[in-house]
Amino acid sequence: MRATLALLFAFLVGLAPSRTAAGQGAAGEGAYAFAFVSIEGEPLPLARFRGRPLLVVNTASLCGFTYQYAALQRLWTRYRERGLVVLAVPSNDFNQEPGTNAQIKTFCETNFALDFPMTEKVRVRGPDAHPFFLWLRRELGERAGPRWNFYKYLIDGQGRAVAVWPSSVEPEAPEIARAIERALAGSG
22 MRATLALLFA FLVGLAPSRT AAGQGAAGEG AYAFAFVSIE GEPLPLARFR GRPLLVVNTA
82 SLCGFTYQYA ALQRLWTRYR ERGLVVLAVP SNDFNQEPGT NAQIKTFCET NFALDFPMTE
142 KVRVRGPDAH PFFLWLRREL GERAGPRWNF YKYLIDGQGR AVAVWPSSVE PEAPEIARAI
202 ERALAGSG
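Residues in the sequence shown are numbered consecutively from 22, following this note's numbering.
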């Protein structure tokens, strides 16, 4: 219900994803054409981050990769002044995020001192996935998954999906750092 209200709000204020005949975001908008609801229940249009690279990660509190929250916080701390936004997207698609949004937020703040943006819990795979994740698969191919929790997606400052890394690639891996540096430099 809350997600439906947020999307209705986004539509009314012109933030809802525009759709072409192919079902993609508006031309030139890329990732910035989509909106989420924050974990606090407020509208979270990705257009708010226009011009800034995004590292979007589907997350879960009871996953073997949950420890990666600590590295994601370090990335946020290291790069946020240069423009990077880290965005956690909790999901129970793999049955490892059973909590409410309030419980998820408390868990992340208490155990990892997270202060980067988080969305409310959403679906990230299947036909009912959030439209952003459907768009990622169109942009990056079906291999983009996510096939498990803690897939990492880099969106450049122009809103283009430029890279995906699976759960097994650590957030501070050299290949992610290089890609973030390129995105921050504006070369995508």
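For glycine and all other residues, C-beta sits at the position ideal for the given N, C-alpha and C.
_To test your reading of the DSSP string, which unbroken alpha helix (DSSP H) runs of 4 or more residues are found completely within the region 112-144?_
Listed in chain order, they are 122-133.
(message) For a quick check, are the C-beta atoms of Thr-140 and Val-110 less than 7 Å apart?
(response) For the purposes of this step, residue 140 is taken as the residue at position 119 of the sequence shown. For the purposes of this step, residue 110 is taken as the residue at position 89 of the sequence shown. Yes, the Cβ-Cβ distance between Thr-140 and Val-110 is below 7 Å.
Local conformation of Trp-169 per DSSP, three classes | Here residue 169 refers to the residue found at position 148 when the sequence shown is read from its first residue. Trp-169: coil per DSSP, three-state reduction.
With a cut-off of 8 Å, do at least 3 Cβ pairs link the region 83-95 to the region 189-197?
Yes: at least three Cβ pairs fall under 8 Å.
Checklist entry - Residue range of the alpha helix (DSSP H) that Pro-152 falls in? => result As a first step, residue 152 is located in the sequence shown; it is residue number 131 there, counting from the start. Unbroken alpha helix (DSSP H) run through Pro-152: 152-161.
Whole angstroms are fine: how far does the CA of Cys-129 sit from the CA of Gly-85?
Counted from its first residue, the sequence shown places residue 85 at position 64. Counted from its first residue, the sequence shown places residue 129 at position 108. Gly-85 and Cys-129: Cα-Cα distance of roughly 15 Å.
| said: Checking 7 Å against the spacing of the C-beta atoms, do Pro-167 and Val-145 come in under that value? | reply: Looking up residue 167 in the sequence shown gives position 146. Looking up residue 145 in the sequence shown gives position 124. Taking 7 Å as the Cβ cut-off, Pro-167 and Val-145 qualify as a contacting pair.
Best match in Pro-152, Glu-196, Val-58 for proximity to Lys-173 [C-alpha to C-alpha]
Here residue 173 refers to the residue found at position 152 of the sequence shown. Residue Glu-196 is the option with its Cα nearest to Lys-173.
Taking DSSP as the reference, what is the three-state secondary structure of Pro-192? In the sequence shown, residue 192 corresponds to position 171, counting from 1. Here Pro-192 sits in coil by DSSP.
Might you give, ordered along the chain, the residues of its own chain that have their beta carbon closer than 7 Å to the beta carbon of Glu-160, omitting 5 neighbours on each side?
Taking the sequence shown and counting its residues from 1, the one referred to as residue 160 is at position 139. Correct list, in chain order: Ala-182.
_Strictly under 7 Å for the Cβ-Cβ distance: is Leu-105 near chain C by that measure?_
Absent from the structure: chain C. Only one protein chain is present.
Going by DSSP, what residue range makes up the beta strand (DSSP E) through Ala-21? Shown here, the chain extends from 22 to 209; a query on residue 21 therefore has no answer.
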